[in-house]
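Written below as structure tokens is the structure these notes are about.
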Amino acid sequence: MDQSTLEKLQPVNVPPWDGDPLFRVTSADLIRSHDVATIEARETVHDPLGAAPAQPFGFLYPTWLKFRGDLKGHDELWLFKSTYKVGWRIHEIRFGYAKVTGSTIEWHFMAEVIEIPNNMEIFFKEREKLLSKKRNSGGSLD
Amino acid sequence: MTAQAPESIEIDGESQALCSEPLAMYNALGGGLPEFEGFWSTAIRRGYLGTWEIKGDRLYLIAIKALKKSGRYETADEILSGGYADLGELFPGYPNRVFAHWYSGTLRIPQGKEIEYVHAGFASEFERDLLIQVEKGVVTNTTIRHNGEAPDGAPDSYRVAAWWTP
């Protein structure tokens with residue numbers, strides 16, 4: 148897929164099963180395409196205590212199978228990375244694989260959600276505000 | 023606002039309060055856990071209490087106390103009639119230990135004495151916070167944040183006012 152086609156891709160993202168209906172993968176989030184075999188090899192979970200299925204995406208393998216089962220011959224799978232705002236101030240980085248069909252990004256499998264590293268600092272600042280509010284109001288947070 | 027009961031985590035054989043919810047990310051990724059009963063206590067809105075362990079630099083879920091939804095809320099008996107879910111039911115084939123490979127984030131473990139109780143979320147402040155960074159279930163970094171000194175006679179364990187478990 149050339150760059151101009153990539154930039155014109157339109158997100159459709161109609162969830163075929165339960166998912167976050169507000170989250171959209173856009174063409175700017177796409178990193179590179181991979182075939183299923185490559186994805187499954189790199190995403191297989193290994194645990195020395197055998198506490199997870201040694202399968203692609205471990206316990207999430209059934210969800211992956213469902214996603215994979217919807218693929219048609221002409222579909223492409225693209226690794227994506229997207230920054231997403233959740234709630235008031237929390238941001239996440241979301242990684243996964245998007246299904247690209249012709250000129251549309253149809254849906255995605257989300258493989259990893261990473262809280263942006265400074266989220267914990269945001270928490271501490273918010274807590275400081277709560278503590279100030281509590282002290283100024285004589286102990287009530289209502 | 024109500025303070026929330028923490029998860030618990032075992033590190034080097036010692037059980038501590040964990041003010042993070044690694045299981046929430048599992049469902050966000052399509053893990054498909056059932057909806058739990060959030061009405062058994064306002065202090066357990068998430069509907070479960072998980073026990074975690076750091077073993078060999080990895081994060082594991084080793085137990086869970088979760089009330090299944092009964093759909094009936096008139097009496098305590100009705101709420102409880104859904105029964106409890108155990109680890110093996112939620113993760114078939116893994117009744118004793120589940121590797122949390124889906125989790126990336128920072129675990130916060132309050133330590134020392136309580137500086138100030140806050141009746142909201144996990145906001146109570148303790149003398150220290152042990153912060154454990156985790157990537158795909160594997161510990162990558164550990165730091166300690168010092169928050170100050172607790173007053174004399176302060177509680178030395180995590181507490182949540184006015185909560186009950188059936």
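Going down the list, the sequences are from chains D and B.
Just so you know, we're using our numbering here: the first sequence kicks off at 148 and counts up by one.
Just so you know, we're using our numbering here: the second sequence kicks off at 23 and counts up by one.
Just so it is clear, CB atoms sit at the ideal spot from N, CA and C, and this is done for glycine as well.
Since this is a predicted model, take the numbers as computed values, not measurements.
Just how far apart, CA to CA, sit Ala-50 (chain B) and Asp-174 (chain B)? 42 Å
Quick check: is the beta carbon of Glu-253 (chain D) nearer than 9 Å to any beta carbon in chain B? no
Cut-off 7 Å between Cβ atoms - residues of its own chain near Gly-69 (chain B), not counting five sequence neighbours on either side: Phe-58, Glu-59, Gly-60, Ala-88 and Leu-89
Could you give the residue range of the beta strand (DSSP E) that holds Glu-43 (chain B)? Careful: Glu-43 (chain B) lies outside any beta strand (DSSP E) and carries neither H nor E.
Check the DSSP bridge columns for Ile-269 (chain D) and list the partner residues they point to. None; Ile-269 (chain D) has no bridge partner.
Excluding the 5 residues flanking Ile-121 (chain B) on each side, which residues of the same chain have their C-beta closer than 7 Å to its C-beta? One detail in the question is off: residue 121 (chain B) reads as Phe in this sequence, not Ile. The answer, listed in chain order, is Arg-80, Tyr-82 and Gly-159.
Residues of chain B with CB closer than 9 Å to the CB of Asp-217 (chain D), please, in chain order. The contacting residues do not exist; Asp-217 (chain D) stays about 13 Å from chain B at best.
Against chain B, with Cβ distances strictly below 9 Å, would Val-172 (chain D) count as a contact? no
Determine the DSSP secondary structure at Arg-241 (chain D), reduced to helix, strand or coil. strand
Does Glu-136 (chain B) come out as helix, strand or coil in the three-state DSSP assignment? strand
Helix, strand or coil at Phe-28 (chain B) [DSSP, three-state]: Here residue 28 (chain B) is Pro; the residue named in the question, Phe, does not match the sequence. It is coil, neither helix nor strand.
Using a cut-off of 8 Å between C-beta atoms, extract the partners of Phe-121 (chain B) located in chain D. Val-192, Asp-194, Leu-196, Ala-198, Ala-199 and Gly-205
Going by alpha carbons, who is nearest to Asp-194 (chain D) out of B:Tyr-48, B:Thr-73, B:Gly-72 and B:Lys-77? B:Lys-77
Phe-204 (chain D) - DSSP class collapsed to helix/strand/coil: coil
Please name the residues in the region 157 to 181 of chain B whose beta-carbon is closer than 9 Å to at least one beta-carbon of chain A, in chain order. This model lacks chain A altogether, as its protein chains are D and B.
Please confirm whether Lys-281 (chain D) has its beta-carbon closer than 9 Å to some beta-carbon of chain B. yes
Continuous beta strand (DSSP E) stretch holding Gly-110 (chain B): start and end: Per DSSP, Gly-110 (chain B) belongs to no beta strand (DSSP E); it is in the alpha helix (DSSP H), 109 to 112.
On a Cα-Cα basis, can you pick out the residue from D:Lys-219, D:Tyr-244, D:Ile-240 and D:Phe-214 that is closest to Leu-226 (chain D)? D:Tyr-244
The ligand NAP and Asn-49 (chain B): does any heavy atom of the ligand fall closer than 8 Å to the residue's C-beta? Among the components of this structure there are no ligands whatsoever, and the ligand NAP is therefore not found.
Check the Cβ-Cβ distances between Ser-30 (chain B) and every residue of chain D, and say whether any is below 9 Å. no
Closer than 8 Å at the beta carbon, the chain D residues around Ser-126 (chain B): Glu-259, Val-260, Ile-261 and Glu-262
Could you check the C-alpha separation between Glu-43 (chain B) and Ile-178 (chain D) for me, to the nearest Å? 30 Å
Are Phe-206 (chain D) and Tyr-48 (chain B) touching if we call contact CB-CB under 9 Å? yes
Give the residues of chain D in contact with Glu-57 (chain B), contact being defined as C-beta atoms less than 9 Å apart. Neighbours of Glu-57 (chain B) on chain D: none; closest Cβ ~11 Å, over 9 Å.
Counting only beta-carbon separations shorter than 9 Å, does Gly-53 (chain B) have a partner in chain D? yes
When B:Ala-107, B:Leu-153, B:Arg-150 and B:Leu-71 are compared against Gln-26 (chain B), the one with the closest alpha-carbon: B:Leu-71
Using a Cβ cut-off of 8 Å, which residues of the region 75 to 87 of chain B contact any Cβ in chain D, in chain order? Lys-77, Gly-78, Arg-80 and Tyr-82
Considering only the beta carbon of each residue, do Trp-211 (chain D) and Phe-256 (chain D) sit closer than 9 Å? yes
Here's a check: name, in chain order, each residue in its chain whose Cβ is nearer than 6 Å to the Cβ of Ala-107 (chain B), leaving out the five neighbours to either side. Ala-88 and Lys-90
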